[in-house]
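Residues 106 to 227 (the working numbering) are what the sequence shown spells out, left to right. To start, the structure itself, in structure tokens.
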Amino acid sequence: MPAEVYIEVVALADEAVWLVQTPSGDWSLPGGPLEEGEEPAHGARRWIARMAGVAVEEPVILEATSRHEGDRWRLILRYACRLTQEPRPDPTLPGSGLFHIEHLPPLAPDQRAAIYRAMQVL
């Protein structure tokens, strides 16, 4: 059964977190699959650069988890980092943006928990 390594990033700016909206309208942490041979921390920086349009401080690993999706396993590496400047979102990613921690849209429980862990770590 094939496996995929997937990155999710909790990108904080003070008391706000950067989130993206999926095509189905759900909210999520930004991220995606690693490229062949790519280091996970580099993948975290690449995904934030793509989705928020900014460079970030060195990402810190929060956790690793896995789940079965369809015909494959997905290893999910969650990282936390601080945004170093005001985000400049990719115009092809409508709905992306910063949300104050007290006004987060609905998220998967594990993603919401990762946000609160990141606030303690960073």
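All residues carry an ideal CB built from backbone N, CA and C; glycine is no exception.
Burial state of P135 is buried, judged by a 10 Å Cβ sphere holding 16 or more other Cβ atoms. Going by DSSP, G136 is part of no alpha helix (DSSP H) but of the beta strand (DSSP E) stretching over G136 to P138. Burial check for G142: the Cβ neighbour count within 10 Å stays below 16, so the residue is exposed.
Sixteen is the threshold: since fewer than 16 other Cβ atoms of the shown chains lie within 10 Å of the Cβ of G175, the residue is exposed.
Counting C-beta pairs with one atom in each stretch, the region 187-196 and the region 111-124 have three or more that are closer than 8 angstroms, which means they touch. Per DSSP, H147 lies in no beta strand (DSSP E); the unbroken alpha helix (DSSP H) holding it starts and ends at P145 to A157. Taking C-beta separations shorter than 6 angstroms and ignoring five residues to either side along the sequence, the partners of P210 in its chain run W132, following chain order. Taking every protein chain shown into account, the CB of Y111 has 16 or more other CB atoms within 10 angstroms, so this residue is buried.
In its chain, beyond the 5 residues on either side, R183 have a beta carbon closer than 6 angstroms to the beta carbon of E168.
When the beta-carbon positions are compared, V125 and F204 stay at least 7 angstroms from each other.
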